[in-house]
Each structure stands twice: as C-alpha cells, then as structure tokens.
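Student:
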Amino acid sequence: MDWVFLGLSLLLFGLALGLAAASHKLEGKQP
15 MDWVFLGLSL
25 LLFGLALGLA
35 AASHKLEGKQ
45 P
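Position one of the sequence shown corresponds to residue 15 (the working numbering), numbered consecutively onward.
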C-alpha cells in the first residue's frame, strides 16, 4: 500500500470533517 497516498487521503478526510464540524457549530451559534 502507498503510505503517502494513504496519509494524504486521511489528512484530506480529517480536514473535510473538521471543516464540516466547524461550519455546523457556526450555524448552531446563529439564531
């Protein structure tokens, strides 16, 4: 298995997940 591709995909997935969580929290703060 290509560890570089695995690490990159994992980082991208984590970034997308963090962005979605941050966006959801921002929407929750708004009335």
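Just so it is clear, CB atoms sit at the ideal spot from N, CA and C, and this is done for glycine as well.
Treat the numbers as computed from the prediction; the structure is a model and nothing was measured.
1) Output the distance between the C-alpha atoms of residue 19 and residue 25, rounded to the nearest integer angstrom.
2) May I have the straight-line CA-CA distance separating residue 29 from residue 35, to the nearest angstrom?
3) Alpha carbon to alpha carbon, how far is residue 37 from residue 15?
Tutor: Inspection of the coordinates gives the following:
1) 10 Å
2) 10 Å
3) 33 Å
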